[in-house]
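>
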Amino acid sequence: MPLHRYAPVPSPCRLCGDGFEHRQSASEPDLHHCPTCGQAVARATIETVNTPKLLKPLSVSDAKNLGFSVFKKTSSGEFERQ
Numbered sequence: 002m003p004l005h006r007y008a009p010v011p012s013p014c015r016l017c018g019d020g021f022e023h024r025q026s027a028s029e030p031d032l033h034h035c036p037t038c039g040q041a042v043a044r045a046t047i048e049t050v051n052t053p054k055l056l057k058p059l060s061v062s063d064a065k066n067l068g069f070s071v072f073k074k075t076s077s078g079e080f081e082r083q
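By the working numbering, the letter at position 58 of the sequence shown is numbered 59, and the numbering carries on one by one without gaps.
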């Protein structure tokens, strides 16, 4: 079931803030009133989030070459720099 974002028409609401998310099936009609406070709501667009896709996991040598500090856990439970 898709997740829809709704925003109160006279924004912001004291109970709902600047909106809420509601899970409903595609066959259900849009909400016209907030289920919490009863105020009129309108369906808002959800902004998509683009995440970078890593082609391969970073190896220890790649991390060192990029300037990251690499640590290894010792048998005593402490970490030491490699």
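Just so it is clear, CB atoms sit at the ideal spot from N, CA and C, and this is done for glycine as well.
Tell me whether alanine 64 sits in a helix, a strand or coil according to DSSP, three-state version.
Helix, per DSSP.
> In three-state terms, what does DSSP make of histidine 33?
The answer is coil: DSSP assigns histidine 33 none of H, G, I, E or B.
> For the beta strand (DSSP E) containing proline 9, list its first residue and its last residue.
Start and end: 4-9.
> Could you compute how far the alpha carbon of serine 70 sits from the alpha carbon of lysine 54?
Computed Cα separation, rounded: 23 Å.
> To the nearest angstrom, how far is it from the Cα of threonine 46 to the Cα of leucine 67?
Cα-Cα distance, rounded: 38 Å.
> Take glutamine 40 and list the residues in its own chain whose beta-carbon comes closer than 6 Å to its own, dropping the five residues that flank it on each side.
Excluding sequence neighbours, glutamine 40 sits near Pro9, Cys14.
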